[in-house]
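Chemist:
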Amino acid sequence: MLSDPRPRVLCVDDDEDSRVMLTTLLRVALIEAKAVGTAAQALSLIQTERFDLYLLDSRLPDLNGFELCRRMRAFDLHTPILSSFPELPMVSQQRPGSPWSKRWLRRLRRLLRVASNGSERGLQRRRQGRQQRPPERQAF
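Numbering (the numbering used here), first residue to last: 817 to 956.
What follows is the structure in structure tokens.
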């Protein structure tokens, strides 16, 4: 059986309307989305499933978003986490297909593309390229 090539995003938000709108918007964009309402649910889910990106509300009923980030890193060191960014509430109020939601999705896809380049093969390519650069051009 072929694996699903679509990126997977976990949305963690205590507001049900925001969860529904975010998952709808992501699914319309062919991004697989799951949503939960508490930090405990998110921590349970990331132990059993793999995601390409986490979208977190900073104020959850059982834990603040920053502590949730810290705990998530105990299970997953590499997946990008977006939290406490001002546009997320606005995204949840947009209809799929609006110009604003299309811009937001383009930025999200770009982030997912960059994250996928963090795979082992991508890291190896970057390391090889770094070794081939003249020493004065290497970034620290």
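Note that CB positions come from ideal geometry on N, CA and C, so glycine has one too. Note that the coordinates shown come from a computational prediction; the quantities given were computed from them, not determined experimentally.
What residue does the alpha helix (DSSP H) around Ser-883 start on, and which one ends it?
Modeler: As a position in the sequence shown, residue 883 is number 67, starting the count at 1. According to the sequence shown, residue 883 is Glu rather than Ser. Element bounds for Glu-883: 881-889.
Chemist: Per DSSP, what are the beta-bridge partners of Ser-899 in this structure?
Modeler: Taking the sequence shown and counting its residues from 1, the one referred to as residue 899 is at position 83. Under the DSSP definition of a beta bridge, Ser-899 partners with Leu-872.
Chemist: Considering only the alpha carbon of each residue, which of Leu-861, Pro-821 and Asp-873 lies closest to Arg-835?
Modeler: One-based indexing of the sequence shown puts residue 835 at position 19. Of Leu-861, Pro-821 and Asp-873, the residue nearest in Cα terms is Asp-873.
Chemist: Can you look up Arg-866 in the DSSP assignment and give me helix, strand or coil?
Modeler: Here residue 866 refers to the residue found at position 50 of the sequence shown. The answer is coil: DSSP assigns Arg-866 none of H, G, I, E or B.
Chemist: Less than 8 Å between the CB atoms is what I'm expecting for Val-852 and Leu-861, so what's the real figure, rounded?
Modeler: Stepping through the sequence shown from its first residue, residue 852 is reached at position 36. Stepping through the sequence shown from its first residue, residue 861 is reached at position 45. Yes, Val-852 and Leu-861 are in contact; Cβ-Cβ is about 6 Å, under 8 Å.
Chemist: Tell me the DSSP secondary structure of Ala-845 in three-state form.
Modeler: Within the sequence shown, numbered from 1, the residue matching residue 845 stands at position 29. Three-state result, Ala-845: coil.
Chemist: Hey, how far is the Cα of Leu-898 from the Cα of Cys-885?
Modeler: Within the sequence shown, numbered from 1, the residue matching residue 898 stands at position 82. Within the sequence shown, numbered from 1, the residue matching residue 885 stands at position 69. Rounded to whole angstroms, Leu-898 to Cys-885 spans 9 Å at the Cα level.
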